[in-house]
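J.: What follows is a structure written as structure tokens; I'll ask about it next.
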Amino acid sequence: MVQTTPLWEVFIRPRNGLAHKHAGSIHAADEVLALQAARDVYTRRGEGTSIWVVRSADIVASDPDQAAENFEPTADKIYRHPTFYDIPDDVGHM
Amino acid sequence: MYSQGLIGADGRTTESEEFLARFQARIDAEEKIEPNDAMPEGYRRTLVRQIGQHAHSEIVGMLPEGNWITRAPSLRRKAALLAKVQDEGGHGLYLYCAAETLGVSREEMTEELLSGKAKYSSIFNYPTLSWADMGIIGWLVDGAAIMNQIPLCRCSYGPYARAMIRVCKEESFHQRQGYELCMSLAFGTPEQKAMVQDALNRWWWPSIMMFGPHDADSQNSDQSMAWKIKRFSNDELRQKFIDATVPQAEYLGLTLPDPDLKWNEAKGGYDHGPIDWSEFWRVVKGQGPMARDRIKARKKAWDEGAWVREAALAHAEKRQARKMAAE
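Going line by line, the protein sequences match chains A and B.
FYI, in my numbering the residues of the first sequence are 1 to 94.
FYI, in my numbering the residues of the second sequence are 1 to 327.
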């Protein structure tokens, strides 16, 4: 039987002070090999100082078909933004 | 390093007019399409085939240059060539990973390459006969690939566009090290200059064929353009490449092997002689001088690597079991 090699998502921190960012994916048998492969494939030119790998199967994603109900309600809640409130110039920067 | 007008695109699709119009509106608004978004089957199929061909080309593209690593004339050249070939492998992996977001598995794609069902760029079915070929490939083949790949960074499919941005950043090193290698030969001894001229004579026509058939003969190109998978036509990209390359050849004091190549003031670009498309199709269909060797080499690597994949999985399982037992 041909076993398939699991897929891992790779996240790279470009340098300290920045968050890890999704870079791509990699196939590897386990987390040790996944880290090694991710280093070889995604950091050949100093792209990062830290790598996270997560099994792709463990990622839970929101459904793009529900994007409207999930994310659009924020558009009509403009009172959540500072510019919704008028403050006179005389008050100074706020 | 790859580029080539997609061979055998199939943009046929059966969704409702309304669905297609909604999708087209997103494309026209320059919205990127992401993996789980609804998309026409033809869009998905075209991308799987194009990204797959592209990935296979990167992987097969390691072979003609790998051929010269042990014979590089200096440590500097060897280090550069090793880094370049490693990059090609990396580019293949970025691209396989982009294709996998469309629901095709790595195993299926590998199987299609090894069985000969999937195509890869015809350029890699030519042999690398001399050291000068390493320079010419970097300069011309990677140069042509860059022309094709820069617009792909704006492809409507997000994962493909992101992979291409990464690839393009690295590709520039490939072209520059190739041109520098050509310079050292072109400005070297008469024998060295003759060697690089010979390599140029062999690679020029295959390089300009990399852009694929003329627009008039390129089926399904219009659908790819409408879906913004492609941004420029094959002929537009070929013209850009030729216009950029002629002065680079002049600087080297080398002659491009096309007697009809001349500046056309009216169009502000070079005219070129007729391309031998019968050769192109022969090579695409696997009759290139090296076609059999390339697939044989990939099969050998796949078969001889089987025990490593099996051992790694068995080891992972054993570790997992041990971890569970300890908990």
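Glycine included, each C-beta is placed from N, C-alpha and C at the ideal position.
Along chain A, in chain order, which residues have C-beta atoms closer than 8 Å to that of B:Leu313?
T.: Gln3, Thr5, Ala29
J.: Give me the Cα-Cα distance between B:Ala186 and B:Ala291, rounded to the nearest whole angstrom.
T.: 30 Å
J.: Are there 16 or more other CB atoms within 10 angstroms of the CB of B:Val167, so buried, or fewer, so exposed?
T.: buried
J.: Does DSSP put A:Gly48 in a helix, a strand or coil?
T.: If DSSP states are grouped into helix, strand and coil, A:Gly48 belongs with coil.
J.: By Cβ distance, which residues of its chain are closer than 6 Å to A:Val54, with the 5 residues on each side in sequence left out?
T.: Glu9
J.: Give, in chain order, every residue of the region 49 to 77 of chain A whose Cβ lies closer than 8 Å to some Cβ of chain B.
T.: Listed by position, the residues of the region 49 to 77 of chain A near chain B (Cβ gap below 8 Å) are Ala61, Asp63, Pro64, Asp65.
J.: Using a beta-carbon distance below 8 Å, is B:Tyr157 in contact with chain A?
T.: No - not a single Cβ of chain A is within 8 Å of the one on B:Tyr157.
J.: Would you be able to state if there are at least three C-beta pairs under 8 Å between the region 49 to 64 of chain B and the region 86 to 100 of chain B?
T.: The region 49 to 64 of chain B and the region 86 to 100 of chain B touch, with three or more beta-carbon pairs separated by less than 8 Å.
J.: Is there a Cβ from chain A that is less than 8 Å from the Cβ of B:Arg12?
T.: no
J.: Taking beta-carbon pairs under 9 Å, can you tell me which members of the region 64 to 97 of chain B lie near chain A?
T.: Ala83, Gln86, Asp87, Gly89, Gly90, Leu93, Tyr94, Tyr96, Cys97
J.: Kindly list, in the order they appear in chain B, the residues whose Cβ is closer than 9 Å to that of A:Arg44.
T.: Per Cβ cutoff of 9 Å: Ala83, Gln86, Asp87, Gly90, Glu170.
J.: Opposite A:Glu9 in the DSSP bridges: which residues?
T.: A:Ser25, A:Val54
J.: Just to confirm, are B:Trp307 and B:Leu114 a CB contact at a threshold of 8 Å?
T.: no
J.: Ignoring anything shorter than 4 residues, give me the alpha helix (DSSP H) runs that lie fully in the region 96 to 174 of chain B, in order along the chain.
T.: 106 to 115, 132 to 136, 142 to 152
J.: Can we say the region 268 to 288 of chain B touches the region 103 to 123 of chain B, given the rule of at least three CB pairs closer than 8 Å?
T.: Counting Cβ pairs under 8 Å, three or more are found: they touch.
J.: Check the Cβ-Cβ distances between B:Arg106 and every residue of chain A, and say whether any is below 8 Å.
T.: Taking Cβ atoms only, chain A reaches closer than 8 Å to B:Arg106, which makes this a yes.
J.: Ordered along the chain, which non-local residues of its own chain (more than five positions away) have a Cβ less than 8 Å from that of A:Ile59?
T.: Glu9
J.: Would a check of beta-carbon distances place B:Ala316 closer than 8 Å to chain A?
T.: yes
J.: Checking the sheet assignment: what are the DSSP bridge partners for B:Tyr270?
T.: In the DSSP secondary-structure assignment, B:Tyr270 is bridged to B:Trp263.
J.: Quick one: residues in its chain with C-beta nearer than 7 Å to the C-beta of A:Trp52, no 5 flanking neighbours on either side, listed in chain order?
T.: Within the same chain, A:Trp52 has close Cβ partners Phe11, His20.
J.: Tell me the rounded alpha-carbon separation between B:Gln197 and B:Ser74.
T.: Straight-line measurement puts the Cα of B:Ser74 at about 21 Å from the Cα of B:Gln197.
J.: Leaving aside the five residues before and after B:Pro64 along the sequence, list all residues of the same chain whose C-beta is less than 8 Å from its C-beta, in chain order.
T.: Phe124, Tyr126, Pro127, Thr128, Asp133, Ile137, Met290
J.: In chain order, which alpha helix (DSSP H) runs of at least 4 residues are fully inside the region 18 to 63 of chain B?
T.: 41 to 60
J.: Could you pull the start and end residues of the alpha helix (DSSP H) that A:Val41 belongs to?
T.: 31 to 42
J.: Say whether chain A places a C-beta atom closer than 8 Å to the C-beta of B:Glu31.
T.: no
J.: List in chain order: all unbroken beta strand (DSSP E) runs of 3+ residues lying wholly within the region 195 to 264 of chain B.
T.: 262 to 264
J.: Tell me the rounded alpha-carbon separation between B:Arg309 and A:Thr4.
T.: 9 Å
J.: For the 8 Å Cβ check, are there 3 or more pairs between the region 308 to 325 of chain B and the region 25 to 36 of chain A?
T.: yes
J.: DSSP state of B:Asp276, grouped into three classes?
T.: Three-state result, B:Asp276: coil.
J.: In whole angstroms, what separates the C-alpha of B:Gln223 from that of B:Arg71?
T.: 45 Å
J.: Short check: CB of B:Ala144 to CB of B:Ser207, under 8 Å?
T.: Yes, the pair counts as a contact, with Cβ atoms nearer than the cut-off.
J.: Which residues, in order along the region 16 to 47 of chain B, keep a beta-carbon less than 8 Å from a beta-carbon of chain A?
T.: Glu34, Asn36, Asp37, Ala38
J.: Pull up the CB-CB distance for B:Trp139 and B:Gly188, whole angstroms please, since I reckon it's below 8 Å.
T.: Incorrect: roughly 16 Å between the Cβ atoms, too far for contact.
J.: Are there any heavy atoms of the ligand MN lying less than 7 Å away from the beta-carbon of B:Gly138, as far as the coordinates show?
T.: You won't find the ligand MN in this model; it holds no ligand whatsoever.
J.: Buried or exposed: which applies to B:Gly77, given that a residue is buried once 16 or more other Cβ atoms fall within 10 Å of its Cβ?
T.: The residue asked about is misnamed: residue 77 of chain B is Arg in this sequence, not Gly. So B:Arg77 ends up on the buried side.
J.: Give a yes or no on whether 8 Å exceeds the smallest Cβ distance from A:Leu106 to chain B.
T.: Summary: the structure shown does not reach residue 106 of chain A, with chain A confined to residues 1 through 94, and so no result is reported for it.
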